[in-house]
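K.L.:
Residue numbers (the numbering used here), protein chains in the order written: chain A, 92 to 694; chain B, 9 to 609. All residues carry an ideal CB built from backbone N, CA and C; glycine is no exception. My structure is below; once you've seen it, I'll send some questions.
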């Protein structure tokens, strides 16, 4: 599950720069914005004009008892109906168009940036956080920037328009009616703030409840074996009771807000009843106008609640805006220099014609690496592997095995020192060039939803069926894939056949091999593959390693034994290096490690 | 279960509260129609000497000497009525909220409790995400229905009812005319919202696809980057994102068309009412105040009709949600009808031709297992993945029940022993243990809440995890999980062992529960345990020959059958699967005497 708790909302000042940036995303949509604003103006105008049509009927036809004007009245009504229909359609259509396109633009920008951001970014940032930016935040922002802005324009124009119309029709009555305004504004904001806070509390409780369910399900077996059913239930009951209390409290606050606004409207209406009635009695105005005023008062209060909503939504959306802008404008820490980009192209537009071939010689030259947190993992690390060599990296967790692989993949760059590929600093080549020459098999095979075929072809997007089958055969996966009901078209995730971890591993292997990489990196799985599958994998590894440089974070003895060279790491330094026999004979740390851990699975 | 019962099942216990809330709602809607009557009263009665549509008593109370005074009275009384109405709005909202939240509270608790007590088979067959969806989203759908839509329906119905009632009191013919288009409106809205559901679902699906693409991209960054497939990923994403956008736009078109066309229909109704109203007023059967009142009462009918259509269409969603909830609640829980027998347990375990097979499987996972283990004996079970080792252990704590044969504990069939009692005495440490997102000390204390700090430190020391814990910034108070530290697999396994140590168990099962711990530590832990828990029957499931070879007895399991049983030496001599595993695990390298000694065996 993703992180359950959203960041707590912090009250912040209006941040102009962020919003300006967000608005800049709307530039391609400005035509729609103009249309929508125009529609908003016209709609507000129509809403204001509408009671006047009825007033015409009351004062000109009823009061004058002149039925000959009735066809005109009906005609105006029909015209009005058609205008409203068209306006409403255009309005909704373009508002939604802005919303959908804006969300699309922001998502696209953010996703592109996510592809460019280096590995360290993903280290710092939980997947759930990124997901929330890509989904709920962009949705919220595009919503507020389309409908929110529209409501603001329409509602604002409506209130201004109504106020003006009332003032023109009868300024005394208008002033009396509008006298409740300040109170209205004050109360609206007062309540909105309370309601917001109450809803935030509910959301928080809600995510806790979801978390509890999640834990209850994930830990079901543990709960049963430890007989924790009652204790868990008691804890949950407390949680859900708190949720109930918070919900009721929120309902009470909201339940107070709505009637309060309506009561102010009722005060205004009563004012119109009295003063308007008196004016009609004194024949200063006609009955139709009294009707118009009563209608206007009702209409006037409609946007108030909406406006307060929108304004507080803007306030809420600021946090989203900051996060989205933060993601889109993030500066990647690892970037190819402009010269390199010009020569070799970027990840999105590679210039393959300029790419040099790679034989696979790897040199770490006095490499020091420090994580941004300050922890030094490698210090003055020197190492050379000839093209075609198989290197087994061995050592305790934290010895620096993964760091070496991460540096080699250029997921990170050395803090000091250089890494040379065929004698050239890899920073003098593009990252895409390196990655195109790399075959990488992870400890936990990450497969994408889609068929087995698609997953193998992920290593070589233009692979033919023959190539795919060949790669699968090479790693010994062809047999089991063929036996599946849908063969290579079996979906690897939900809905498809359940593949075992071992089988997935084989697929990820085929994926790495299909591209015939110069350098192969293999992060061996520590466990979960049974001995038979392991031998199968082992066979595959041997078959393909012969021709290329291979770095293996090795856990299995058989891999270690067969490597050309074993590098025993300790605290980021090479402790011992040599062949299996040579190291054993030496009787040092490797010998110690080997004899203590002659076993198939992990350290 | 009938639709009706489906609702009353949950709402029933709070029925009185619901009834009061509905009564308040009913009264409130009457007041809702009064503003239209007050303006009629002013225009027709106060200003023109016609009849008032207000109830007689109120109308009489509003009579006064002068017109000004009458107007003032109307204004004040209207305000007073507004106050009453709005107070009722508040009361009704709070009442509905209380009854709804109580209903949902009961539902949530029931679901949680029930889920916990559903058997292991259920839990191993479900997709967690799907169940979470049901217990959160579906419950929320139900909550919104009874708390909002149900109330909305009643409110709209009551309001329309009173509006029609007031209209009819003033002018029956005009009432018919004012309702002329309403059936079409309601019909259109209902059909529309029903039809639009599948477009909605299409949009949701498209969004789901897009989210999956992002999710896979984010969790698989390593792969994406290592394969330099960023352009491919961007294309893939853009495609799903575009699809989502286009589907949404399609929905938009349909929606815009609906709202605009029904808007026109509503204004057509207004035109109809207004034209006839004018005609009737001019021809003298109606008064201008009544005409105004009609226009405002009409608003109480036509605008809500579209909403009513939406709710009617949404109703099916709620019943689907309830069905999905019922799917869970309807499954019998594993403790129903369980034995109450709680015999003392010493630790003699007997398997009598035990066979196990999943109901929907065609071949048994375990075949005819028979053996007996004495109290205090340590038995290792070794075998390939899928040979049935874990299944065997699950049978012993009745996470699963044998298909044939019996398992006896001190001579009693375990199916005759209370499940919880059994599990309290037969401890099992799982390979992938679950730790709760609480502090470390609360996790360790989980089976014995009142355990003093010394004893949890002691347990942690035996399980060799004390030092790890001390190294955390907040030591034993460190939060584990989502919002705290992430433990390595080995650390988790050791914490799971430690928490098991707080209560002494006659039988203890280690289900490959040291697989992520290095051999050295594994050994230390087992040594410490053996010293402390003499007399406890121990089952060790393991892949490691080094672990197995220390047991009093080793059971070699192959394809659900006992392939061999004996001590390390006797099994090596047999030269069967055990010997093969032994060779495989030592990498075909002769480790010789020295190697064995070095490993401390």
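Quick check on residue 92 of chain B - is its C-beta less than 8 angstroms from some C-beta in chain A?
P.N.:
Residue 92 of chain B does not count as touching chain A.
K.L.:
DSSP three-state label for residue 237 of chain B, please.
P.N.:
DSSP places residue 237 of chain B in coil when its eight states are reduced to three.
K.L.:
With 8 angstroms as the threshold, decide whether the Cβ of residue 188 of chain A is near any Cβ in chain B.
P.N.:
At least one chain B Cβ lies under 8 angstroms of residue 188 of chain A.
K.L.:
Give, in chain order, every residue of the region 233-259 of chain A whose Cβ lies closer than 7 angstroms to some Cβ of chain B.
P.N.:
Within the region 233-259 of chain A, no residue has a Cβ that lies closer than 7 angstroms to any Cβ of chain B.
K.L.:
Tell me, please, which residues DSSP counts as bridged to residue 324 of chain A.
P.N.:
According to DSSP, residue 324 of chain A bridges with nothing at all.
K.L.:
Could you tell me whether any Cβ in chain A is nearer than 8 angstroms to the Cβ of residue 405 of chain B?
P.N.:
Interface residue, yes.
K.L.:
Assuming residue 209 of chain A contacts residue 425 of chain A (C-beta within less than 8 angstroms), just tell me the rounded distance between them.
P.N.:
With 8 angstroms as the limit, residue 209 of chain A and residue 425 of chain A qualify as a contact, their Cβ atoms being about 4 angstroms apart.
K.L.:
Between the region 353-367 of chain A and the region 232-246 of chain A, do at least 3 Cβ pairs fall closer than 8 angstroms?
P.N.:
Flag = no, the region 353-367 of chain A and the region 232-246 of chain A do not touch.
K.L.:
State the start and end residues of the unbroken beta strand (DSSP E) segment that holds residue 476 of chain A.
P.N.:
From DSSP, the beta strand (DSSP E) with residue 476 of chain A extends over 467-476.
K.L.:
Does the region 267-283 of chain B come into contact with the region 121-138 of chain A, if we say contact requires no fewer than three beta-carbon pairs (one atom in each stretch) closer than 8 angstroms?
P.N.:
At 8 angstroms Cβ cutoff, the stretches do not touch.
K.L.:
Let me know the secondary structure DSSP gives residue 503 of chain A once reduced to three states.
P.N.:
Looking at residue 503 of chain A - three-state DSSP - the assignment turns out to be coil, as it is neither helix nor strand.
K.L.:
Please state whether the Cβ-Cβ distance between residue 381 of chain B and residue 545 of chain B is less than 8 angstroms.
P.N.:
The answer is yes: Cβ separation under 8 angstroms.
K.L.:
Which residue from A/164, A/667, A/273 puts its Cα closest to that of residue 484 of chain A?
P.N.:
Ranking the options by Cα distance to residue 484 of chain A, first place goes to A/667.
K.L.:
Three-state secondary structure (DSSP) at residue 145 of chain A?
P.N.:
It is helical.
K.L.:
Can you list the residues of chain A that residue 113 of chain B reaches, using a CB-CB cut of under 7 angstroms?
P.N.:
The answer, in chain order, is 331, 332, 335.
K.L.:
If you draw a straight line from the C-alpha of residue 361 of chain A to the C-alpha of residue 84 of chain B, how long is it?
P.N.:
So the two alpha carbons sit approximately 7 angstroms from each other.
K.L.:
Closer than 8 angstroms is the cut-off here; do at least three beta carbon pairs connect the region 401-418 of chain B with the region 571-581 of chain B?
P.N.:
Verdict: no, contact absent.
K.L.:
On the DSSP bridge list, what partners appear for residue 447 of chain B?
P.N.:
Looking at the DSSP assignment, residue 447 of chain B forms a beta bridge with B/487.
K.L.:
What does DSSP give as the partner residues of residue 516 of chain A in its beta bridges?
P.N.:
DSSP, once it has assigned bridges, lists A/511 as partnering residue 516 of chain A.
K.L.:
Who does residue 664 of chain A pair with in a DSSP beta bridge?
P.N.:
The partner list for residue 664 of chain A (beta bridge, DSSP) reads A/661.
K.L.:
Locate the alpha helix (DSSP H) running through residue 195 of chain B, then write down its first and last residues.
P.N.:
It spans 190-227 - the alpha helix (DSSP H) in which residue 195 of chain B sits, taken as one unbroken run.
K.L.:
With DSSP as the reference, identify every bridge partner of residue 516 of chain B, one or two as the case may be.
P.N.:
Bridge partners of residue 516 of chain B: B/435, B/546.
K.L.:
Return the residues of the region 348-360 of chain A that lie within a Cβ-Cβ distance of less than 9 angstroms from chain B, sorted by chain order.
P.N.:
Listed by position, the residues of the region 348-360 of chain A near chain B (Cβ gap below 9 angstroms) are 349, 350, 351, 353, 354, 356, 357, 358, 360.
K.L.:
Spatial neighbours of residue 365 of chain B within its chain, please: C-beta separation below 6 angstroms, excluding the five flanking residues on both sides.
P.N.:
Result list for residue 365 of chain B: 372, 411, in chain order.
K.L.:
Using 8 angstroms as the threshold, is the region 501-513 of chain B in touch with the region 422-439 of chain B, meaning 3 or more CB pairs across them?
P.N.:
In short, these stretches touch, since the Cβ pair count reaches three.
K.L.:
Can you give me the C-alpha to C-alpha distance between residue 54 of chain B and residue 169 of chain A, rounded to a whole angstrom?
P.N.:
Roughly 34 angstroms between the two C-alpha positions.
K.L.:
If we cut at 8 angstroms on Cβ distances, does residue 228 of chain B have a partner in chain A?
P.N.:
With 8 angstroms as the cut-off, residue 228 of chain B counts as an interface residue toward chain A.
K.L.:
Just the C-alpha distance for residue 499 of chain A and residue 460 of chain A, rounded to the nearest angstrom, thanks.
P.N.:
One C-alpha to the other measures close to 12 angstroms.
K.L.:
At what residue ranges does the region 278-363 of chain A contain a whole run of the alpha helix (DSSP H), taking only runs of 4 or more?
P.N.:
List check, alpha helix (DSSP H) in window: 311-317, 320-362.
K.L.:
With DSSP collapsed to three states, give me the class of residue 148 of chain B.
P.N.:
Residue 148 of chain B falls in the helix class under three-state DSSP.
K.L.:
To the nearest angstrom, how far is the alpha carbon of residue 619 of chain A from that of residue 523 of chain B?
P.N.:
Reliability of the predicted coordinates at residue 619 of chain A is poor, the pLDDT of 48 falling under 50, and the value obtained from them is presented with this limitation in mind. Approximately 10 angstroms between the Cα atoms of the pair.
K.L.:
So, with DSSP's three-state summary, where would you put residue 421 of chain B?
P.N.:
In this structure, residue 421 of chain B counts as strand in the three-state DSSP scheme.
K.L.:
Beta carbon of residue 301 of chain A, beta carbon of residue 144 of chain B: below 8 angstroms?
P.N.:
Result yes, Cβ atoms of residue 301 of chain A and residue 144 of chain B sit closer than 8 angstroms.
K.L.:
Taking DSSP as the reference, what is the three-state secondary structure of residue 556 of chain A?
P.N.:
The answer is helix: DSSP assigns residue 556 of chain A an H, G or I state.
K.L.:
Can you list, in chain order, the residues of its chain with a C-beta nearer than 7 angstroms to that of residue 392 of chain A? Leave out the 5 residues immediately preceding and following it.
P.N.:
Here the set comprises 352, 356.
K.L.:
With DSSP as the reference, identify every bridge partner of residue 387 of chain B, one or two as the case may be.
P.N.:
Answer is B/547, B/561.
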